[in-house]
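Notes to accompany the following structure.
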Amino acid sequence: MKNILPPKEWCQVNCFIKEIRGTYHSPVVSVYVPSGKVDDMIKTLEETERESAVEKVETAIIKELGNLKAFTGSVCIFGWKEEMVVVKNIFTSSIIPPVYVVDNEPFVEPLCDILEIMYDTLLVILDYKTAILRYYKGCDVIRQKKIKSYVRARHSKGGWSQKRFSRIRDMQISRHFDSIADELKNFDIKNIEVILVGGPGNAKKEFLRESRKDRADRTIMVEGLDLSSSDEEINTTIISQLDKFRKQVESRQLTKVEESIKKGLILTENQEICAALKTGAVDTILIASDYYVTTPEEKERILKMIEAAEVSAAEIEFITDKDILKKLHRYENVVALLRYSPF
0 MKNILPPKEW CQVNCFIKEI RGTYHSPVVS VYVPSGKVDD MIKTLEETER
50 ESAVEKVETA IIKELGNLKA FTGSVCIFGW KEEMVVVKNI FTSSIIPPVY
100 VVDNEPFVEP LCDILEIMYD TLLVILDYKT AILRYYKGCD VIRQKKIKSY
150 VRARHSKGGW SQKRFSRIRD MQISRHFDSI ADELKNFDIK NIEVILVGGP
200 GNAKKEFLRE SRKDRADRTI MVEGLDLSSS DEEINTTIIS QLDKFRKQVE
250 SRQLTKVEES IKKGLILTEN QEICAALKTG AVDTILIASD YYVTTPEEKE
300 RILKMIEAAE VSAAEIEFIT DKDILKKLHR YENVVALLRY SPF
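Residue numbers (numbering that gives the first Met the number 0): 0 to 342.
Next comes the structure, spelled out in structure tokens:
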């Protein structure tokens with residue numbers, strides 16, 4: 000799993016979104032400001048013709064921005080008026096483009112976007128002559144390579160025998176696949192979690208048959224893509240496949256919960272989990288993404304738990320799929336899977 004945000008920050012942003020959604024009063028002013036753009040946003044707020052309902056709110060946000068110390072990443076500010084003006088903010092390490100919105104609801108979509116759980120993904124689209132390799136970190140293509148090989152397409156009369164032609168063509172195809180495999184060595188293949196292989200005809204199936212086992216276990220064959228597919232078609236396919244993959248990952252985690260229960264290697268009480276983390280007994284912590292923290296003390300406990308998990312090298316997984324969440328809630332909002340019994 001590759002979160003855009005570190006686990007502790009992910010949890011803080013997730014809690015903040017739930018807090019804003021649960022407490023706002025219409026209308027709401029939503030402002031996102033990346034580092035270095037504070038003065039520009041203040042100018043925008045000052046020069047924009049204001050609605051009377053939010054004039055005091057925007058004045059308070061301008062004051063808030065003016066009092067900020069230097070920061071990296073972005074600041075996200077939401078304001079509304081009850082009896083008094085309410086202004087809430089959160090800092091994030093992600094760079095979010097400048098946004099200024101007045102609406103009946105808080106504009107939290109940019110924050111929701113940075114909660115997306117990403118995977119390092121390799122896309123391979125190939126036929127018997129050509130291959131395109133793309134390495135994605137999240138939504139960004141960080142490496143791309145196109146490979147072309149000479150492979151005779153058809154047998155011609157008066158040339159080699161059909162048997163010899165087929166043997167030579169098979170050798171050329173094998174070399175083509177070898178060229179792809181060699182190029183994969185230049186990619187960060189050990190850290191790639193998902194390999195998507197597509198293309199017309201049987202080339203992708205033959206390539207998969209020749210793939211190393213450690214790669215084959217991470218490989219998914221996809222239909223509907225070829226070398227002429229547009230970026231939009233490719234992105235749609237990748238998103239769909241990664242959504243399915245994410246659900247499979249979360250489903251496997253739930254299976255681990257059920258297996259750990261039988262072995263007595265599970266904890267659901269926050270204080271017990273924190274104690275087990277100190278001993279290094281925790282293998283994985285599963286946290287429900289819809290976990291609504293009701294008190295500052297409870298939030299602080301969860302954040303300390305995540306910090307302790309990071310120190311102890313325990314894996315942290317946020318469960319996001321609605322169906323998997325329902326099953327997780329039968330146990331608790333936070334579940335720790337243990338390596339051994341610490342008590």
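We treat Cβ as the ideally placed atom computed from N, Cα and C, and that holds for glycine.
Whole-number beta carbon distance between residue j and residue i, since they are thought to touch under 8 Å
| i | j | result |
| --- | --- | --- |
| G72 | S34 | 6 Å |
| C75 | T91 | 7 Å |
| C14 | K298 | 6 Å |
| I318 | L285 | 6 Å |
| A313 | K277 | Actually they are not in contact, since the Cβ atoms of A313 and K277 sit about 11 Å apart, beyond 8 Å. |
| L336 | T283 | 4 Å |
| I305 | K7 | 5 Å |
| E45 | I61 | 7 Å |
| L125 | K203 | 6 Å |
| R300 | N269 | 5 Å |
| L302 | Q11 | 7 Å |
Given residue i as reference, the closest of the options once Cα atoms are compared
| i | options | result |
| --- | --- | --- |
| I188 | M170, D216, R168, R166 | D216 |
| I315 | E46, F186, V281 | V281 |
| K136 | E63, S93, I191 | I191 |
| P105 | R329, S29, L327, K243 | S29 |
| I19 | D38, P6, I89, K62 | I89 |
| D38 | V221, L241, K68 | K68 |
| P96 | W9, K87, R245, I113 | I113 |
| L4 | S93, K303, S311 | S93 |
| V27 | Q247, A275, K184, R49 | R49 |
| C273 | K243, Q252, V310 | V310 |
| F342 | S210, M170, A275 | A275 |
| S250 | R163, M117, I323 | I323 |
| L132 | W9, K162, R163, K184 | K184 |
| K243 | W9, M117, R329 | M117 |
| W9 | S288, E182, G65, Y330 | S288 |
| T129 | R163, E182, G65, G279 | E182 |
| E271 | T47, P109, V334 | V334 |
| D139 | I237, Y290, E258 | I237 |
| R174 | E209, R163, S51 | E209 |
| E258 | S229, R338, K212, Y291 | R338 |
| G65 | K212, K42, Y291 | K42 |
Beta bridge counterpart(s) of residue i as assigned by DSSP
| i | result |
| --- | --- |
| K147 | T129 |
| D230 | Looking at the DSSP assignment, D230 forms no beta bridge with any residue, so it has no partner. |
| S29 | F77, V100 |
| F90 | V74 |
| D139 | K136 |
| G222 | In the sequence as presented, Gly is not what sits at residue 222; that position holds Glu. None; E222 has no bridge partner. |
| V56 | In DSSP, V56 forms no bridge with anything. |
| A335 | L266, I284 |
| T120 | Y135, V193 |
| V85 | W79 |
| F317 | I286 |
Proximity below 7 Å, CB of residue i to CB of residue j
| i | j | result |
| --- | --- | --- |
| V32 | M40 | yes |
| T218 | I179 | no |
| F206 | F176 | yes |
| V84 | V56 | yes |
| V256 | Q240 | no |
| V86 | E115 | no |
| Y149 | I141 | no |
| K246 | D169 | no |
| Y127 | I172 | yes |
Any non-hydrogen atom of the ligand SAH within 6 Å of residue i CB
| i | result |
| --- | --- |
| Q270 | Among the components of this structure there are no ligands whatsoever, and the ligand SAH is therefore not found. |
**OP:** Could you say if the segment 186-200 and the segment 225-242 meet the contact criterion of at least three C-beta pairs nearer than 8 Å?
**Re:** They touch, by the three-pair rule.
Original post:
Counting Cβ pairs closer than 8 Å, one from the segment 94-101 and one from the segment 117-131, do we hit at least three?
Top reply: no
Original post:
Any contact of the segment 132-149 with the segment 258-265, i.e. 3+ C-beta pairs under 8 Å?
Top reply: no
Subject >> Three-pair Cβ contact test at 8 Å for the segment 11-29 versus the segment 79-88 >> reply: Enough Cβ pairs lie closer than 8 Å, so yes.
Original post:
If we count Cβ pairs, one from each stretch, closer than 8 Å, do we get three or more for the segment 229-238 versus the segment 287-297?
Top reply: no
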